[in-house]
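**Q** Each step along the sequence shown adds one to the number in my numbering, with nothing skipped, and position 14 is 7. Virtual Cβ for every residue (Gly too), placed ideally from N, Cα, C. The structure that follows is given in the form of structure tokens.
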Amino acid sequence: MWRWVRQQLGFDPPHQSDTRTIYIANRFPQYGLYTPQKFIDNRIISSKGYEDWLRHNSDNEVNGAPVYVVRSGGLVKTRSKNIRVGDIVRVAKDEIFPADLVLLSSDRLDGSCHVTTASLDGETNLKTHVAVPETAVLQTVANLDTLIAVIECQQPEADLYRFMGRMIITQQMEEIVRPLGPESLLLRGARLKNTKEIFGVAVYTGMETKMALNYKSKSQKRSAVEKSMNTFLIIYLIILISEAIISTILKYTWQAEEKWDEPWYNQKTEHQRNSSKILKFISDFLAFLVLYNFIIPISLYVTVEMQKFLGSFFIGWDLDLYHEESDQKAQVNTSDLNEELGQVEYVFTDKTGTLTENEMQFRECSINGIKYQEINGRLVSEGPTPDSSEGNLSYLSSLSHLNNLSHLATSSSFRTSPENETELIKEHDLFFKAVSLCHTVQISSVQTDGIGDGPWQTNLAPSQLEYYASSPDEKALVEAAARFGIVFIGNSGETMEVKTLGKLERYKLLHILEFDSDRRRMSVIVQAPSGEKLLFVKGAESSVLPECIGGEIEKTRIHVDEFALKGLRTLCMAYREFTPKEYEEIDRRLFEARTALQQREEKLADVFRFIEKDLVLVGATAVEDKLQDKVRETIEALRMAGIKVWVLTGDKHETAVSVSLSCGHFHRTMNILELINQTSDSECAEKLRQLARRITEDHVVQHGLVVDGTSLSLALREHEKLFMEVCKNCSAVMCCRMAPLQKAKVIRLIKISPEKPITLAVGDGANDVSMIQEAHVGIGIMGKEGRQAARNSDYAIARFKFLSKLLFVHGHFYYIRIATLVQYFFYKNVCFITPQFLYQFYCLFSQQTLYDSVYLTLYNICFTSLPILIYSLLEQHIDPHVLQNKPTLYRDISKNRQLSMKTFLYWTILGFSHAFIFFFGSYFLIGKDTSLLGNGQMFGNWTFGTLVFTVMLITVTVKMALETHFWTWINHLVTWGSILFYFVFSLFYGGILWPFLSSQNMYFVFIQLLSSGSAWFAIILMVVTCLFLDIVKKVFDRQFHPTNIEKAQLTETNSSIKCLDSMCCFSEGETACTSVGRMLERVIGRCSPSHVSRSWSASDPFYTNDRSILTLSTMDSSTC
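Now the structure itself:
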């Protein structure tokens, strides 16, 4: 533990080399000494305490989980926190791996096992991991006790999908070296499936596991409101210092006269006369700072933290953000950015899985230059057929029908010769075998039972086989091949089983060349039943076609472009046959690269390039990824709200443009500008200048821009300003062929622009994490590409359409609430402390306090805290449906308008004006030699301060009531209850002599004050005077200069609400007084929830039923 702490502080470098050596520990004493690893987060913050407590309990549950390790020929039960590197651990079916383990053996002869990594990346498919052959046979504890081996691997790193190492096994005095890769590593947090038990050796434990390394904290994000708060705080700090300096100077100016410097009733001591004037000045200045320090609203930060923490629960409780199909609700990973949802100006979104469903369906394919599409389970080829009654459509239901010429329908080039028909059969057979073999799809072992034998029927494949794949594309393609006669049955050891026309064929899987983002393709090397060794390649057309030397390359390229124009996702298939000599060279080079501990990735990339060349193209596939529900409406609403939408995707240009048009990101009437295929800086700069001129000269209102990844790299290198100028003048921007880091760079470019706009990024995959973390607000879609995006985001939702309510309703409410909270806090503290400053003019700046110390303490804690807190949680200044159906209202709160300097100055001046009324109103009431009591007794100093405090407390509380539009019983309770509590508390505090108080200046003061009718009259008069001007201003603004929100409050927004006001409903029979009251309520914008109807028509473009927790009012339409 101490070593780990030193490592974190940088005093003890954790590793001295790039590799580590692990000795498999199978001969330790059964009862050894283990050092527990406990990692407890001691940073307890008030607003984060609940999360910390849950995290602490979760850690204890994980660290204390029971596990079994091999010790001295037997199994010993211990806790997961006691596992050490080198321990052999046994894990049973459906258990979670307690550490990162290298698989040694399983209950299967081939040493394989299946795991799910849903808790790591959200992928629910079964992944196969395999042990090296030398350890796969060690299936018992006794056999493992004889194992002598050493593992050399890389130091711990966070990448879940990267692992390099090798195992050196000693057998009969001979060392055998086997490479270890990701397929041998079982990650902590993953779960064992469809395997009875496995044994594995721990290589990374505790905080060195990949799962723990992925827990690193994200960069701190600060909202615009928080920045404004800090600015206002600096202004108030200047006011505080200024008041202290003025008071100190005036004190010494006043004391310049001898009679005030040392009056007869307050003679100075000799020490005071001889003390340093400079130290005395400083002492007095600090004393005034302490006296006025309450003007700084320290409690504001506490209230804001509580508001953010408690308010974040409303998002999770909102049933309109709940997705029933996947049983997923909205998640809040950070509550610090709630109000930022109401300030978004740019939305950057991924395409696949975010705008689309990420549910792939096979639609079309190109086989040897002939294009086919699937209709009703049959392939349809282009071109007329003489004996076809379907016009120019010809059908190919499955490969099993190719033997029957009556079912064979081909294009004109295959109509004349039986040799062409035989060739067509071979081409289709080769194409679908490539689809069935080149993948990483898995099948549950239970599901494959009984499928391998007997005749197979094509139409039973979907019901008998269920494939699991990390990529939906692979699953769709394998299922399509099964429908057309070539069925992938599963893996059996190193054998891939495929049924062709009911005949079982076994292909030996020799090597898998894994997919990576640089190559953009994956390959398999198999040995066919006839003995030849084949390479099958699948990947993007930009990475496969350049490596092809045979096949219908140009025709396929044209077909791929046509597929892309339809918005389909395309992949190209190719193959290569190796001679025995070629394969020996390939096998040797692959072994050397995979066993290398240094620069393994670079060596593997070189070998992959050597293998994946001189290919023969067999065809291309096209799968459809459907748009999510209400994507078009959501994007249009975002545009109406003044939010610019950028689509950042890795798809090819044609596919991305087609999807952008279909989802409404691009309009058909929009002028589409392109910056693609740029090869040099000069060419890119010239193209950008041309686009800038076109935008200036073109009279088309809206422009759209398409940029590819290569051109973007050139544009960001030296032409950022020119590129930004073009982008800002475009209504929509779509960037294709984007790398993950490029997405983050684009967002950063917008963030640091002079306007400093608020950005939001939406994505669902691991490749979107960088842009989600870069944006001001990151939204993760809980889709099918895993949970990495959701785990690294600030908020997580199940569907893109939920973004509209998240921004237009929750974001709007959160911003209005916290903006009012901030302004109100500064206002009430100005009201509170300004009378204290004015009072010094009447007490010779003697630093005498105006209020009792208890009132000073409880003002922000008890008397005024709850009304503003409840307001900041429940306020709805306008109906949620109005906000959602009128996205233009979102513009009214953009650019942090509610916290502008103008608004801040208004609230501050209002506070000072009210404070002057409190103080001088009370002063003129009491006056000189004026008695307000029946016995002729005069009010004293504490009575005067209590009168000022009482007027101030009532005024600021009623002011909060005037700002409240949405009244619930909770608002009434805390608003009027706060005033009542003050009176009750003061009566008890000043009406009893408390024995534990050394002095009680307030004894009988409050009772004496309330016994005066003049005091009551003065309190009412001053409260009305303070708030009257505020009400007049509200009436004037709403009548002559209403905002769009105020107009929406007073306008009927839905025909199903049969009321004159969209916020308030009133009974038909009403008196004249009721009519006047209604007018005032409408002018002020206030509404009682008991009079609100939430009945809305089914034509609501977003949600036909409001089930939000925000709707606290009655749902009964009969109210109207």
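1) Output the residue ranges of the beta strand (DSSP E) runs that lie fully inside the stretch 589 to 671 and measure 3 residues or longer, sorted by chain position.
2) Out of curiosity, what's the CA-to-CA distance linking lysine 492 and valine 480?
3) Whether or not the stretch 172 to 179 and the stretch 68 to 75 are in contact is what I'm after, with contact meaning three or more pairs of Cβ atoms, one per stretch, closer than 8 Å; do they touch?
4) Whole alpha helix (DSSP H) runs in the stretch 967 to 1008 with 4 or more residues, listed along the chain?
5) Using the Cα positions of valine 944 and leucine 843, report the straight-line distance between them to the nearest angstrom.
6) Counting pairs of Cβ atoms below 8 Å between the stretch 564 to 579 and the stretch 525 to 544, do you hit three or more?
7) Which term fits cysteine 1019, buried or exposed, when burial requires 16 or more other beta carbons within 10 angstroms of its beta carbon?
8) Specify the secondary structure class of alanine 183 as computed by DSSP and reduced to three states.
9) When the Cα of glycine 193 is compared with those of Ile89, Leu282 and Ile234, which residue comes out closest?
10) Based on the DSSP output, what are the partners of isoleucine 144 in its beta bridges?
11) Buried or exposed for alanine 151, please, with buried defined as at least 16 other CB atoms from any protein chain shown within 10 angstroms of its CB.
12) When the Cβ atoms of the stretch 695 to 704 are set against those of the stretch 721 to 728, are three or more pairs found closer than 8 Å?
13) In terms of residues, what are the limits of the beta strand (DSSP E) holding glycine 193?
14) Taking the straight line between their C-alpha atoms, what separation do you get for proline 465 and valine 434?
15) In chain order, what residues of the same chain have a beta carbon less than 8 Å from the beta carbon of leucine 1002, not counting five sequence neighbours either side?
16) Mind checking whether glutamine 324 and tyrosine 788 have CB atoms under 8 Å apart?
17) Ignore the nearest five residues each way along the sequence and tell me which others in isoleucine 910's own chain have a CB closer than 7 Å to its CB.
18) Decide if tryptophan 900 is buried, meaning its Cβ has at least 16 other Cβ atoms within 10 Å, or exposed.
19) Verify whether the separation of the beta carbon atoms of isoleucine 811 and histidine 870 is less than 8 Å.
20) If we count the other Cβ atoms within 10 Å of its Cβ and call it buried at 16 or more, is asparagine 286 buried or exposed?
21) When the distance is taken between beta carbons, is glutamine 300 closer than 8 Å to leucine 866?
22) Can you give me the Cβ contacts of isoleucine 291 inside the same chain, cut-off strictly under 7 Å, excluding the 5 residues immediately before and after it?
23) Skipping 5 residues on each side, what residues in its chain have a beta carbon closer than 7 Å to that of alanine 1065?
24) Which residue wins for smallest C-alpha separation from glutamine 321, given the options Gly773, Ser858 and Phe974?
25) Could you check whether tyrosine 982 and phenylalanine 856 sit closer than 8 Å to each other, using their CB atoms as the reference points?
26) Who are the near neighbours of glycine 751 in its chain, counting only those whose CB is closer than 7 Å to its CB and skipping five residues on each side?
27) Going straight from the alpha carbon of leucine 430 to that of methionine 489, what length do you get?
28) Taking the continuous beta strand (DSSP E) assigned at tyrosine 339, which residues delimit it?
29) Since proline 172 sits in a beta bridge, which residues does DSSP pair it with?
30) Buried or exposed, going by whether 16 or more other CB atoms sit within 10 Å of the CB of glutamate 594?
31) Looking at the unbroken alpha helix (DSSP H) that takes in proline 733, where does it start and where does it end?
32) Under the three-state reduction of DSSP, which class applies to arginine 64: helix, strand or coil?
33) Secondary structure at tyrosine 315, three-state DSSP: helix, strand or coil?
34) To the nearest angstrom, report how far apart aspartate 674 and leucine 348 are at their CA atoms.
35) Are the stretch 620 to 627 and the stretch 360 to 378 touching by the rule of at least three beta carbon pairs closer than 8 Å?
**A** For this structure:
1) Those beta strand (DSSP E) runs which fall completely within the stretch 589 to 671 and span 3+ residues are 608 to 620, 637 to 641 and 664 to 668.
2) If you take the alpha carbons of lysine 492 and valine 480, they lie about 5 Å apart.
3) Remark: fewer than three beta-carbon pairs, one from each stretch, lie closer than 8 Å, so the stretch 68 to 75 and the stretch 172 to 179 are not flagged as touching.
4) For the stretch 967 to 1008, whole alpha helix (DSSP H) runs of length 4 or above, ordered along the chain, are 998 to 1003.
5) 14 Å
6) yes
7) buried
8) Three-state DSSP puts alanine 183 in coil, outside helix and strand.
9) Ile89
10) Ile15 and Met160
11) exposed
12) yes
13) 190 to 197
14) 10 Å
15) Phe932, Thr936, Thr939, Leu940, Thr943 and Ala1008
16) yes
17) Met1015, Thr1018 and Cys1019
18) Buried is the call here.
19) By the CB criterion at 8 Å, isoleucine 811 and histidine 870 fall outside the cutoff.
20) exposed
21) yes
22) Nothing listed; no residue qualifies.
23) Its pLDDT being 40, under 50, alanine 1065 is placed unreliably in this model, and the coordinates cannot settle the point.
24) Cα-wise, what sits closest to glutamine 321 is Gly773.
25) In this structure, tyrosine 982 does not lie closer than 8 Å to phenylalanine 856 by Cβ.
26) For clarity, residue 751 is isoleucine in the given sequence; the question names glycine instead. Once the five neighbours on either side are set aside, the close Cβ partners of isoleucine 751 are Ala217, Glu333, Gln336, Val337, Glu338 and His769.
27) 7 Å
28) 339 to 342
29) Proline 172 has Arg159 as its beta-bridge partners, per DSSP.
30) exposed
31) 733 to 744
32) Secondary structure at arginine 64: strand, using DSSP grouped into helix, strand and coil.
33) coil
34) 33 Å
35) no
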